[in-house]
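Participant: The numbers in UniProt numbering rise by one with no breaks, and the one at position 15 of the sequence shown is 15.
We put the beta carbon where it would ideally sit given N, CA and C, even for glycine.
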Amino acid sequence: MQGEAQGARRRRADAERSRASILDAATELLGADPECSVEAIAAAAGVTRQTVYAHFSSREQLMGAVLARVTEAAVAAMEAVDLDSGSATEALLRLLDASAQIMARHGRIFHAAGAAAVSPEEDRRQHLPVVARLERVITRGQAAGEFDDQLSPGWFAVVVIQLGHAAGAEVDAGAMTRDDAATALRTSVLRVLNAPAR
């Protein structure tokens, strides 16, 4: 009986390690090429194609798990940004810098997920962690007189996100370097909010 329990625990631990290896490989390879094959992911993870499908029933499910993983990492990076110290403008710029670093690392995965057909409700749900933080900083800036208070923080948050998407699209198209896009985004966001230039 005890041997059976140990065997079951060992099989569970092996399965968890295998799943983690698949996700590690998928995150790296899909980040470089969102069209990369399941076979390539399996080879990089050191498992068979069948093992990948034992954990993820489809390529779409695997992509969803990778997206959930990088979203969790993105939220952790944004959590590390101190939104309450300094001026709201400084906090907003720190948040934009953290977002730029996330996009530099995982942008292709986010763009591939964004290209998939999702409902407006699902799109909004995916952006909630970013929207909540933007609204928090913008509300603080409006109360302090740093930002335009004629429009709602929610609207400004949506505009900032769309500007971020535009900056990412310019980088993907080769029209701007990542540094130039980051500078353009910071400048545009400050102008939209009628914040002091930096």
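Would you kindly report the start and end of the unbroken alpha helix (DSSP H) that includes residue 164?
Facilitator: Within the sequence shown, residue 164 is the residue found at index 164, counting from 1. Segment 153-172, the alpha helix (DSSP H) holding residue 164.
Participant: Could you tell me the distance, in whole angstroms, from the CA atom of residue 47 to the CA atom of residue 62?
Facilitator: Mapped onto the sequence shown, residue 47 falls at position 47. Mapped onto the sequence shown, residue 62 falls at position 62. Their Cα atoms are separated by approximately 15 Å.
Participant: Tell whether a beta-carbon distance below 8 Å holds between residue 25 and residue 54.
Facilitator: Taking the sequence shown and counting its residues from 1, one reaches residue 25 at position 25. Taking the sequence shown and counting its residues from 1, one reaches residue 54 at position 54. Contact flag unset, no.
Participant: Flag this pair as yes or no: are the beta carbons of residue 95 and residue 83 separated by less than 8 Å?
Facilitator: Mapped onto the sequence shown, residue 95 falls at position 95. Mapped onto the sequence shown, residue 83 falls at position 83. It is a contact, given that the beta carbons lie within the stated cut-off.
Participant: Taking all protein chains shown into account, do 16 or more other C-beta atoms lie within 10 angstroms of the C-beta of residue 99, making it buried, or fewer, making it exposed?
Facilitator: Looking up residue 99 in the sequence shown gives position 99. With 16 or more Cβ atoms within 10 Å of its Cβ, residue 99 is classed as buried.
Participant: Measuring CB atoms only, is the segment 126-145 touching the segment 73-91, in the sense that at least three cross pairs come out at less than 8 Å?
Facilitator: The segment 126-145, when compared against the segment 73-91, does touch it at the 8 Å Cβ threshold.
Participant: Just mark residue 128 as buried or exposed, buried being the case when its beta carbon has 16 or more other beta carbons within 10 Å.
Facilitator: Here residue 128 corresponds to residue number 128 of the sequence shown, with the count starting at 1. Flag for residue 128 reads exposed.
Participant: Compare the beta carbon distance of residue 65 and residue 52 with 8 Å and say whether it is the shorter of the two.
Facilitator: Your numbering for residue 65 matches position 65 in the sequence shown. Your numbering for residue 52 matches position 52 in the sequence shown. No, the Cβ-Cβ distance between residue 65 and residue 52 is not below 8 Å.
Participant: Rounded to whole angstroms, what's the CA-CA distance from residue 152 to residue 194? Just pull it up for me.
Facilitator: Here residue 152 refers to the residue found at position 152 when the sequence shown is read from its first residue. Here residue 194 refers to the residue found at position 194 when the sequence shown is read from its first residue. For residue 152 and residue 194, the distance between alpha carbons rounds to 14 Å.
Participant: Leaving out five residues before and five after residue 67 in sequence, what residues of the same chain have Cβ atoms less than 8 Å from its Cβ?
Facilitator: Locating residue 67 in the sequence shown gives position 67, counting from the first residue. Closer than 8 Å at the Cβ level, and outside the excluded window around residue 67, lie 109, 110, 113.
Participant: Is the beta carbon of residue 40 closer than 8 Å to that of residue 29?
Facilitator: The sequence position of residue 29 within the sequence shown is 29, counting from 1. The sequence position of residue 40 within the sequence shown is 40, counting from 1. In this structure, residue 40 lies closer than 8 Å to residue 29 by Cβ.
Participant: Which residues mark the beginning and the end of the alpha helix (DSSP H) in which residue 62 is found?
Facilitator: Numbered from its first residue, the sequence shown carries residue 62 at position 62. From DSSP, the alpha helix (DSSP H) with residue 62 extends over 59-79.
Participant: Using 10 angstroms around the beta-carbon of residue 165, count the other beta-carbons present and answer buried if the total reaches 16, otherwise exposed.
Facilitator: Position 165 of the sequence shown, counted from the first residue, corresponds to residue 165. Classification for residue 165: exposed.
Participant: Please report the straight-line C-alpha distance between residue 180 and residue 132, rounded to a whole angstrom.
Facilitator: The residue labelled residue 180 in the question sits at position 180 within the sequence shown. The residue labelled residue 132 in the question sits at position 132 within the sequence shown. If I take the Cα positions, the gap works out to 26 Å.
Participant: Would you tell me roughly how many angstroms separate the C-alpha atoms of residue 57 and residue 154, rounded to the nearest one?
Facilitator: Mapped onto the sequence shown, residue 57 falls at position 57. Mapped onto the sequence shown, residue 154 falls at position 154. Cα to Cα, the separation comes out at about 37 Å.
Participant: From residue 172 to residue 150, what distance separates their C-alpha atoms?
Facilitator: Here residue 172 is taken as the residue at index 172 of the sequence shown, counted from 1. Here residue 150 is taken as the residue at index 150 of the sequence shown, counted from 1. Distance between the alpha carbons of residue 172 and residue 150: 34 Å.
Participant: At which residues does the alpha helix (DSSP H) containing residue 185 begin and terminate?
Facilitator: Residue mapping note: residue 185 aligns to position 185 of the sequence shown, counting from 1. Where residue 185 is concerned, the enclosing alpha helix (DSSP H) stretches over 178-192.
Participant: Helix, strand or coil: how does DSSP classify residue 139 here?
Facilitator: If you number the sequence shown from 1, residue 139 lands on position 139. DSSP places residue 139 in helix when its eight states are reduced to three.
Participant: Could you tell me the alpha carbon to alpha carbon distance between residue 50 and residue 70, rounded to whole angstroms?
Facilitator: Reading the sequence shown from its first residue, position 50 is the one you call residue 50. Reading the sequence shown from its first residue, position 70 is the one you call residue 70. Each residue's Cα considered, the two are about 24 Å apart.
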